[in-house]
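The letter at position 190 of the sequence shown is residue 250 when you use my numbering, and the numbering goes up by one with no holes. Yeah, the Cβ is synthetic: ideal placement off N, Cα and C, and Gly gets one too. Here the structure is laid out as structure tokens; the discussion comes afterwards.
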Amino acid sequence: MKQIINYRTEVSMPIHQIFNTSNMSYNVRFFKNYTVENHFHKNFELIVVINGEIECTINKMTEILHPGDLALCLSNEMHMYRPLGEAYYCCIVFSEDLIASFSNEVKGKRGTSIRFNMSDAMYAYINESLIYNKNPDTFLLKSSLYAICSAFKQQIVLEKNTDTEHALMLSISNYINEHYLDDITLKSMSEELKYQYNYLSRCFAKIFNMPFKDFVNTYRIEHAMLLLDENKKSIAQIAYDSGFQSVRNFNHVFRKKTGITPIEYRMNKKAKSPDWEMEISDPTHDIFNE
61 MKQIINYRTE VSMPIHQIFN TSNMSYNVRF FKNYTVENHF HKNFELIVVI NGEIECTINK
121 MTEILHPGDL ALCLSNEMHM YRPLGEAYYC CIVFSEDLIA SFSNEVKGKR GTSIRFNMSD
181 AMYAYINESL IYNKNPDTFL LKSSLYAICS AFKQQIVLEK NTDTEHALML SISNYINEHY
241 LDDITLKSMS EELKYQYNYL SRCFAKIFNM PFKDFVNTYR IEHAMLLLDE NKKSIAQIAY
301 DSGFQSVRNF NHVFRKKTGI TPIEYRMNKK AKSPDWEMEI SDPTHDIFNE
């Protein structure tokens, strides 16, 4: 039966997750009835639906995923997930150097559809070797990820990504990612990227739907959250190390972005994980046959 694909003309502002860019890394998280807002990052991301239905959007293309369905977000593709009622799903984020050959092959391309599947035997292998394995060795990890990439490549037709708006979004995001700790402005960025100020200003407003300063502060707050997780530096030192000129402004922006103060965030991190982040607890439990 032909897949039904819907294209979203309006999606929430894309957030560049700077903490999903490290090399030789992967992490597994489980989500229950949780919406993951529109975002992108350098690393690849796999979603596996366990129970219920998930509305999955990648590059403005949307499909409904059912139990056992998978979707793979390539490097720097915008994506978001929304549960349709009760739903439980798994997300695996992994760096491109773990699947270097596949990464090189799909660079500059995008899928023409989203959903794909694996055989029962391959599901069992992935379940045991990757999803519930807390410490797989490098060879087991790579073999599992390449098996997933193979299934993706066999079922998903790829085409050249000619989206100029997406290319500009990446240029802007990469520039800000490199300079957000500095005192940058839209004007200084337009000069560095060799665009006319008025043109870049219009494009920025269209793509990100927020003021330039607010977007830069998103990077700074993510950086501050990483420093707060370390639980070592003072709030004042973290504010200055994150590109803010004053502690007062840092507290104001942090509360605006997260709903809590930096001190409250640090205290919450000491408590147990939130409800939507499940710990891997039973390596013998087969999530694909629930």
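- Take the alpha-carbon of Glu238 and the one of Asp180: they are about 44 angstroms apart.
- Secondary structure note for His239: it is in no beta strand (DSSP E), and the uninterrupted alpha helix (DSSP H) holding it is 224 to 239.
- Residue state for Arg175 is assigned as coil, using DSSP reduced to three classes.
- Assigned with DSSP and collapsed to three states, Thr318 falls in helix.
- Per DSSP, the continuous beta strand (DSSP E) segment holding Thr122 begins and ends at 121 to 125.
- By a beta-carbon distance limit of 8 angstroms, Ile114 contacts Tyr149. Their separation comes to about 6 angstroms.
- Taking all protein chains in view, the Cβ of Thr278 is crowded by 16 or more other Cβ atoms within 10 Å, so the residue is classified as buried.
- Rounded to whole angstroms, the gap between the alpha carbons of Glu282 and Phe154 is 19 angstroms.
- Exclusion of the five residues before and after Asn328 leaves Ile320 as the residues of its chain whose Cβ lies within less than 8 angstroms of its Cβ.
- Beta-bridge pairing by DSSP links Tyr141 to Val96, Cys116.
- The region 256 to 269 makes no contact with the region 296 to 308; the number of CB pairs closer than 8 angstroms stays below 3.
- Straight through space, the alpha carbons of His99 and Asn193 are spaced by roughly 27 angstroms.
- The beta carbon of Leu241 sits closer than 6 angstroms to the beta carbons of Gly303 from its chain, once the five residues preceding and following it are set aside; these are given in chain order.
- Under the DSSP definition of a beta bridge, Glu146 lacks any partner.
- In this structure, the straight-line span from the alpha carbon of Leu246 to that of Lys254 is close to 12 angstroms.
- Per DSSP, the beta bridge partners of Ala131 are Ile107.
- Around Ser250, the same chain offers Tyr257, Leu260 as residues with beta carbons nearer than 6 angstroms, after the five sequence neighbours per side are excluded.
- Between the alpha carbons of Phe264 and Glu165 lies a gap of roughly 30 angstroms.
- Secondary structure of Asn87 (DSSP, three-state): strand.
- With a cutoff of 7 angstroms on beta-carbon distance, Ile152 and Leu106 are scored as near each other.
- For Leu205 against Ile267, the beta-carbon gap comes to about 31 angstroms, at or over 8 angstroms, which does not count as contact.
- Residue pairing by DSSP puts Phe154 in a beta bridge opposite Tyr86, Phe104.
- DSSP lists Gly171 as the beta-bridge partner residues of Leu218.
- In this chain, the alpha helix (DSSP H) harbouring Ile267 covers 257 to 268.
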